[in-house]
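Using this note's numbering, read the sequence shown as starting at 722 and increasing by one per residue. Here a beta-carbon is modelled for each residue, glycine too, at the ideal position from N, C-alpha and C. Computed from a predicted model, the values in this text were never measured in an experiment.
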Amino acid sequence: MPHRGGQGALLALLLLLPAAAAQLGLNEEDDQRLLGRSRAFLDQKFQRARAERERWVDCSVTCPHRSREPVCGTNGRTYSSLCDLDLAICRKVKVSLKHEGECTLEEKCNDEKRARQEQIAKGENVYVPNCLEDGSYAPLQCHNFTHYCWCSSLDGIPISDTVKFGTLPKCLGKRGGEKEEERMMVVKG
Numbered sequence: 722m723p724h725r726g727g728q729g730a731l732l733a734l735l736l737l738l739p740a741a742a743a744q745l746g747l748n749e750e751d752d753q754r755l756l757g758r759s760r761a762f763l764d765q766k767f768q769r770a771r772a773e774r775e776r777w778v779d780c781s782v783t784c785p786h787r788s789r790e791p792v793c794g795t796n797g798r799t800y801s802s803l804c805d806l807d808l809a810i811c812r813k814v815k816v817s818l819k820h821e822g823e824c825t826l827e828e829k830c831n832d833e834k835r836a837r838q839e840q841i842a843k844g845e846n847v848y849v850p851n852c853l854e855d856g857s858y859a860p861l862q863c864h865n866f867t868h869y870c871w872c873s874s875l876d877g878i879p880i881s882d883t884v885k886f887g888t889l890p891k892c893l894g895k896r897g898g899e900k901e902e903e904r905m906m907v908v909k910g
């Protein structure tokens with residue numbers, strides 16, 4: 722299994738670069754150039770790590786579902802096991818391991834949004850979730866390419882019988898919670 726600890730060290734190094742540049746007497750332009758190179762290096766490092774993981778994934782394996790050891794993917798989705806994450810990689814889902822354990826509500830929507838925005842940038846017409854400041858899914862979700870809208874639970878699950886084409890469903894009272902009116906105001910405003 723590939724070693725995952727190096728990513729944290731690289732990120733720490735990236736955060737220390739501006740301070741190191743100042744100590745060396747580099748100006749802001751030099752600092753930005755170094756920072757850009759470091760980000761490019763990190764991007765390449767992560768892409769190589771993903772390619773390495775794909776190389777070692779056995780796509781012919783069947784995942785045993787007796788034991789549940791959930792992992793969080795970089796797309797905000799919780800997978801039942803590392804094996805299930807590997808199978809998603811086999812199916813060409815653009816995902817890698819974010820951490821062991823379930824994805825938290827606070828990271829789920831934002832991670833899914835980030836992953837979908839990458840797909841949009843590549844020309845795919847995918848739905849991008851609308852997230853609230855606390856990381857939960859907004860009550861009203863719309864697909865910008867199909868023009869369908871629906872009401873969503875806090876964890877992003879569409880609420881049955883709320884899907885509308887070309888119009889907005891009334892989501893108030895559909896998912897409960899004491900702050901629902903406040904959440905609807907955020908979506909409208």
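Among residues of its own chain, excluding the 5 on either side of residue i, which ones have a beta-carbon nearer than 8 Å to its beta-carbon?
{"i": "glutamate 839", "result": "Lys815"}
{"i": "valine 849", "result": "Lys834, Arg837, Gln838, Ile841 and Asn865"}
{"i": "histidine 868", "result": "Phe886 and Gly887"}
{"i": "threonine 883", "result": "Trp871, Cys872, Pro890, Cys892 and Lys895"}
{"i": "asparagine 831", "result": "Gly797, Cys852 and Gly856"}
Which residues mark the beginning and the end of the beta strand (DSSP E) in which residue i is found?
{"i": "leucine 861", "result": "861-863"}
{"i": "leucine 818", "result": "818-821"}
Looking only at its own chain, which residues have a Cβ that is under 7 Å from the Cβ of residue i, when we skip the five neighbours before and after it?
{"i": "leucine 826", "result": "Gly856, Ser857, Leu875 and Asp876"}
{"i": "cysteine 793", "result": "Thr799, Lys819, His820, Gly822, Glu823 and Cys824"}
{"i": "cysteine 784", "result": "Ser802, Cys804, Asp805 and Leu808"}
{"i": "histidine 786", "result": "Ser801"}
Could you name the residues of the same chain whose beta carbon sits closer than 6 Å to that of residue i, not counting the 5 residues immediately before and after it, in chain order?
{"i": "asparagine 846", "result": "Phe866"}
{"i": "alanine 809", "result": "Val816"}
{"i": "cysteine 892", "result": "Pro860, Leu861 and Cys872"}
{"i": "cysteine 780", "result": "Cys811"}
{"i": "arginine 789", "result": "Ser801"}
Using DSSP's beta-bridge definition, name the partner residues of residue i.
{"i": "proline 785", "result": "BP columns for proline 785 are empty, so no partner."}
{"i": "serine 873", "result": "Pro879"}
{"i": "threonine 799", "result": "Cys793"}
{"i": "phenylalanine 702", "result": "Any property of residue 702 remains undetermined from this structure, which presents the chain solely from 722 to 910."}
{"i": "isoleucine 858", "result": "At residue 858 the sequence reads tyrosine, which differs from the isoleucine that was named. Answer is Cys852."}
For the candidate residues the options, whose alpha-carbon lies nearest to that of residue i?
{"i": "histidine 864", "options": "Ile810, Leu889 and Pro791", "result": "Leu889"}
{"i": "threonine 799", "options": "Cys811, Asp779 and Lys829", "result": "Lys829"}
{"i": "asparagine 796", "options": "Lys834, Arg812 and Cys804", "result": "Lys834"}
{"i": "cysteine 852", "options": "Gly844, Asp882, Cys872 and Lys843", "result": "Cys872"}
{"i": "proline 791", "options": "Leu803, Thr783, Val782 and Pro785", "result": "Leu803"}
{"i": "phenylalanine 886", "options": "Gln862, Cys870, Pro879 and Leu893", "result": "Cys870"}
{"i": "proline 860", "options": "Ile880, Gly844, Asp779 and Lys843", "result": "Ile880"}
{"i": "cysteine 811", "options": "Val782, Ile878 and Val884", "result": "Val782"}
{"i": "valine 778", "options": "Glu854, Asp882 and Asp805", "result": "Asp805"}
Compute every distance between the C-beta of residue i and the non-hydrogen atoms of the ligand ADP, then say whether any falls below 7 Å.
{"i": "proline 785", "result": "Ligands displayed in this structure: none; no statement on the ligand ADP is therefore possible."}
Which residues mark the beginning and the end of the alpha helix (DSSP H) in which residue i is found?
{"i": "lysine 843", "result": "Lysine 843 -> no alpha helix (DSSP H), and no H or E assigned at all."}
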